[in-house]
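Engineer:
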Amino acid sequence: MKYQIIALVGLVVMAFAGCSEENIDVYHGDNYIYFTKAGTDSTTFSFAYDASLREGEVSLKLNLISRLENRDRTFAVRVVEDESTALEGRDFSIDPQSCVVRANDSIAYLDIRVMKDASLEGRSVKAVFELVASDDFLPGIERNRKANLVITDKLSQPEWWDTWHVSSGLGTYSDKKYRLFIEVTGQSDLTLKEDGGTMDYSDMRGYVVMFKYWLHDNPQKEDDGSDMVVPIIG
Amino acid sequence: MKKIAYMLFFLMTVMLGLTGCYEDKGNYKYSESTAPTITGIPATCDAYFGSPLSIPVTITYPAEEWKNVAYEWRVNLKVISTDKDLNLDMVDLDVKPSQYADFKVINTDTGEYAMVSFTMNVSSEFATGWFLLSEGDGCSVLSYIRGDGEIYPNIYEDLNGEKLGMDAVQVKEHWIPWGSSTGEVFVGITGGPNYAVELDGNSLKRMVYSKDEFLEGQPDNFAPTTIDCVMNWDYMISNGKLYTRYVESGMDAQYHEGRFVRIPMPGDYELSHLTLRGNLVFSSDVIAFDKKHKSWKLIRSGELRDFDYKNDPNQKFQPSDMGKTLLAGAATSVATPTDEFIAFLRGDDGQVYVQKFRFSGWSAKSYSSLDEKVFPEPDLVQDDTQWAICMGRTYAYFTSGNHLYAYNYAENANTVKELKGTTFERPIRAIAINPTSKGEELAVVVENADDPAKSDFMLLDVGVVADGAVIDGSYREAAFGKVYYVTYKIGDQWSVSN
């Protein structure tokens, strides 16, 4: 009997609770901003695939923990110099005026202009950016407060430069050969259509032969002093 | 039991004996045939797809029983007409040679019929014939004479709505081995803006401008003069340089598959527009000539190489740095696996030389020289001498002013003889052999007697007996402008590949 009374009281309480009016809560806390990518990741901008490229633009995406507001808001970022090898003004620059979250927007971008300085040739530098408090935002999730940007003029062997290329196409890979190939043919990606790329087999072959012919008239040495050779038939 | 067997045997013998005495009094009627006679149908009829076809027939009825008759024309057992004379406005039959055809006159009273069977060759409209190039007003003019004699004086412009560029060098039919049996037609034109063109071998409509066939755009100093297609490779010569296109497909390859590399094959050379081919289907080599170094070159597997003199078992002549310039050349035999060639060259010493060589083998063919002779009449060979070399007959025809000569290249001949079957008395502008005629049909284009800006075309029977007599019905007077080039369009590569 005692348990039945307790259960009855409980039900009554619950029924009344279902009738209470509750206001929908909106975010009333501070506004936070953070990079979409965690600080352990990095973004790379390469000058290696286009010798004529002297500068470029990189946009790092930012997310908000904030109400939408119908006004532009600003965020702030600093360069973490002791973690960076890139130099502001030499390798990159940021226009503080561009650090804006547009009205009624829930994302933003940190726009960075990257420059190819002579000192970059054949190497990579890293710039580390950290969000700092501004009038409108506090730095958000801790592990997403920093972003790493790698600016590089360094090549690496692409996936399409496979065993067929080594034996019958472009030959043994070297950064120097790859760089020359890009310079001569204007092509950096020879991934075939059947492998998800855009290149016909005939065209892929054509570019490799084009480079071979160019090498014939412009002989080159590899860094170890050996002749640069392209084994493709044709 | 034994008795019964003897009785049966006796009875059967008697019956067989009696049947031998039977007198056949059957109601047989032996009389002369009353079937009509049909004349006027050729044993072989050549028809062109999309063109009209007419075969009038004459029917002679020897008997009065054939009062009510019907007619039936069939090709491959399909009735195509029920009229007495075959009159098709437009041939709409399968395009293929040697199709069975017949014509029947049917007695509708008795069901009897008379029939003549014949062979129907159906070709595309422009499958076989003669191409001519002549000088136009600021352009080149391509003309065509179809196999049945129909003339198309300005066929490129008529079919394509534009003029050809100036300085057309040659018209070259080429094929993909094992692929499409009908070749495409390349018109080598060194002048812009459109340069050379490729025409469909059946319709003669433009397929592509050659300048648009290059990876990363038209090459510098573009002046395309010739093209050859072999298994997996297409080769174009432009401004003396070799351009290659790798064709991934083999037997199922299509024309214009892939793109040419816009950088020429490197090296110090200048190739002639004249290239030689052996067997069109079974050989993948192209023989070229480097004018700069007066050397033979072999184009094989996308590479340009010298003739292999070192391993030539005969070493009859030095194929490189010869001091001799190629005048003309052609294959003289293409019986698999050996291709044999003849070439006429002008030496720096003023002599004319005749070289023979072969490439033989089932895969990578081996080179060997066969002979080099001094041409017996070098003075007859002039700057504008035209050549037409036979395959299957040991003759090479050449012009010298108003005269036509035959050079016998048989092993022990080396003789020159003037053809007397026709006297021209006007400059001969161009000659070419019909390769499907066993070397017995020679096209000759001469200056028109009344108007030097015009040309007359004729076919000569250059068989030994005819000695170059004009083939009846082939003469076309003043039909073309100032012609400087003529060549035969073969159509089906298999007709010259065996």
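Each protein sequence line maps, in turn, to chains A and B.
Under numbering that gives the first Met the number 0, the residue at position 100 of the first sequence is numbered 99, and the numbers go up by one with no gaps.
Under numbering that gives the first Met the number 0, the residue at position 437 of the second sequence is numbered 436, and the numbers go up by one with no gaps.
Glycine included, each C-beta is placed from N, C-alpha and C at the ideal position.
This one's a predicted model, so the numbers in the text were calculated from it and none came from an experiment.
For a test of the three-state rule: what should DSSP assign to E193/A, helix, strand or coil?
Structural biologist: Here E193/A sits in helix by DSSP.
Engineer: Would you tell me roughly how many angstroms separate the C-alpha atoms of K28/B and K103/B, rounded to the nearest one?
Structural biologist: With a pLDDT of 49 at K28/B, under the threshold of 50, the predicted position of this residue should be treated as unreliable, though the coordinate-derived value follows. Approximately 25 Å, taken between the alpha carbons.
Engineer: Could you tell me the boundaries of the alpha helix (DSSP H) in which G205/A lies?
Structural biologist: Where G205/A is concerned, the enclosing alpha helix (DSSP H) stretches over Y200 to D216.
Engineer: Could you check where the beta strand (DSSP E) with R273/B kicks off and where it finishes?
Structural biologist: First, the residue type needs correcting, since residue 273/B is Leu and not Arg in the sequence shown. Neither: L273/B is in no beta strand (DSSP E) and is coded neither H nor E.
Engineer: Let me see if you follow: with CB-CB separation under 9 Å, is M390/B close to chain A or not?
Structural biologist: It does not; no Cβ of chain A falls within 9 Å.
Engineer: Starting from the C-beta of T162/A, find all residues in its chain whose C-beta is less than 7 Å away, skip the five residues before and the five after it, and write them out in chain order.
Structural biologist: Closer than 7 Å at the Cβ level, and outside the excluded window around T162/A, lies no residue.
Engineer: What is the DSSP secondary structure of V415/B, counted as helix, strand or coil?
Structural biologist: Strand.
Engineer: For the stretch 229-237 of chain B against the stretch 216-231 of chain A, do three or more pairs of beta-carbon atoms, one drawn from each stretch, fall closer than 8 Å, so that the two count as touching?
Structural biologist: The stretch 229-237 of chain B, when compared against the stretch 216-231 of chain A, does not touch it at the 8 Å Cβ threshold.
Engineer: Can you tell me whether D284/B is buried or exposed, with buried defined as 16 or more other CB within 10 angstroms of its CB?
Structural biologist: Classification for D284/B: buried.
Engineer: Of the residues that make up the stretch 199-217 of chain A, which ones have a beta carbon closer than 8 Å to any beta carbon in chain B?
Structural biologist: Listed by position along the chain: D199, Y200, S201, D202, R204, G205, Y206, V208, M209, Y212, W213, H215 and D216.
Engineer: Determine the DSSP secondary structure at G50/B, reduced to helix, strand or coil.
Structural biologist: A small correction: the amino acid at residue 50/B is Ser; Gly does not occupy that position in the sequence shown. Looking at S50/B - three-state DSSP - the assignment turns out to be coil, as it is neither helix nor strand.
Engineer: Which two residues bound the contiguous alpha helix (DSSP H) that contains S167/A?
Structural biologist: It spans T162 to S167 - the alpha helix (DSSP H) in which S167/A sits, taken as one unbroken run.
Engineer: Per the contact definition of three or more C-beta pairs closer than 8 Å, is the stretch 34-44 of chain A in contact with the stretch 138-147 of chain A?
Structural biologist: Taking 8 Å as the limit for Cβ pairs, the verdict is that the stretch 34-44 of chain A does touch the stretch 138-147 of chain A.
Engineer: Find out if the Cβ-Cβ distance for the pair Y487/B, G128/B is shorter than 9 Å.
Structural biologist: Taking 9 Å as the Cβ cut-off, Y487/B and G128/B qualify as a contacting pair.
Engineer: Please report the residue range of the alpha helix (DSSP H) in which D289/B lies.
Structural biologist: It is not in any alpha helix (DSSP H) - D289/B instead sits in the beta strand (DSSP E) that spans V285 to D289.
Engineer: Let me confirm a value: N86/B is counted as buried when at least 16 other C-beta atoms fall within 10 Å, else exposed. Which label applies?
Structural biologist: By the 10 Å Cβ count, N86/B comes out exposed.
Engineer: Starting from E182/A, trace the alpha helix (DSSP H) in both directions and tell me its first and last residue.
Structural biologist: First-last of the alpha helix (DSSP H) with E182/A: D174 to T184.
Engineer: How is the alpha helix (DSSP H) around Y155/B delimited, first residue to last?
Structural biologist: Start and end: I154 to N159.
Engineer: Who does T36/B pair with in a DSSP beta bridge?
Structural biologist: Bridge partners of T36/B: T59/B.
Engineer: Mapping DSSP to helix, strand and coil, what is R142/A?
Structural biologist: Looking at R142/A - three-state DSSP - the assignment turns out to be helix.
Engineer: Does the beta-carbon distance from A62/B to T81/B come in below 9 Å?
Structural biologist: Their beta carbons are not under 9 Å apart, which means A62/B does not touch T81/B by this criterion.
Engineer: What's the gap between the Cα of P498/B and the Cα of T225/B?
Structural biologist: Past the boundaries of the shown model lies residue 498/B; chain B is included only from 0 to 497, so the question cannot be answered.
Engineer: Any idea what DSSP makes of K210/B, helix, strand or coil?
Structural biologist: Reduced to three states, the DSSP call for K210/B is helix.
Engineer: Is the distance from the Cβ of T171/A to the Cβ of F210/A below 9 Å?
Structural biologist: The answer is no: Cβ separation not under 9 Å.
Engineer: Is the number of C-beta pairs between the stretch 162-177 of chain B and the stretch 202-216 of chain B that are closer than 8 Å three or more?
Structural biologist: No: fewer than three Cβ pairs fall under 8 Å.
Engineer: According to the Cβ coordinates, are A465/B and V443/B closer than 9 Å?
Structural biologist: No, the Cβ-Cβ distance between A465/B and V443/B is not below 9 Å.
Engineer: Taking the alpha-carbon positions, what's the F515/B to S454/B distance?
Structural biologist: Only positions 0 to 497 of chain B appear in this structure, which leaves residue 515/B out of reach.
Engineer: For V338/B, does the three-state DSSP call read helix, strand or coil?
Structural biologist: For the record, residue 338/B in the displayed sequence is Asp; it is not Val. Looking at D338/B - three-state DSSP - the assignment turns out to be strand.
Engineer: Roughly how many whole angstroms lie between the Cα atoms of W213/A and Q219/A?
Structural biologist: Answer to the nearest angstrom: the Cα atoms are 10 Å apart.
Engineer: Please classify P451/B: does DSSP put it in a helix, a strand, or coil?
Structural biologist: P451/B: coil per DSSP, three-state reduction.
Engineer: Return yes when the Cβ of F128/A is within less than 9 Å of the Cβ of S65/A, no when it is not.
Structural biologist: In this structure, F128/A does not lie closer than 9 Å to S65/A by Cβ.
Engineer: With a CB to CB cut of under 8 Å and the five nearest residues on each side skipped, what residues in its chain are close to R178/A?
Structural biologist: Excluding positions up to five away in sequence, the list reads A47, A50 and L154.
Engineer: Does the stretch 353-363 of chain B come close enough to the stretch 328-338 of chain B that 3 or more CB-CB pairs lie under 8 Å?
Structural biologist: The answer is yes - the stretch 353-363 of chain B touches the stretch 328-338 of chain B, with three or more Cβ pairs under 8 Å.
Engineer: Would you mind reading off the limits of the beta strand (DSSP E) that contains C389/B?
Structural biologist: Segment: none, C389/B is in no beta strand (DSSP E) and carries neither H nor E.
Engineer: Report the residue ranges of all alpha helix (DSSP H) runs contained in full by the stretch 129-184 of chain B; include only those spanning at least 4 residues, in chain order.
Structural biologist: Entirely contained in the stretch 129-184 of chain B, the alpha helix (DSSP H) runs reaching 4 residues are, in chain order, 154-159.
Engineer: Are three or more beta carbon pairs between the stretch 292-305 of chain B and the stretch 315-334 of chain B nearer than 8 Å?
Structural biologist: Judged by Cβ distances under 8 Å, the stretch 292-305 of chain B makes contact with the stretch 315-334 of chain B, as three or more pairs qualify.
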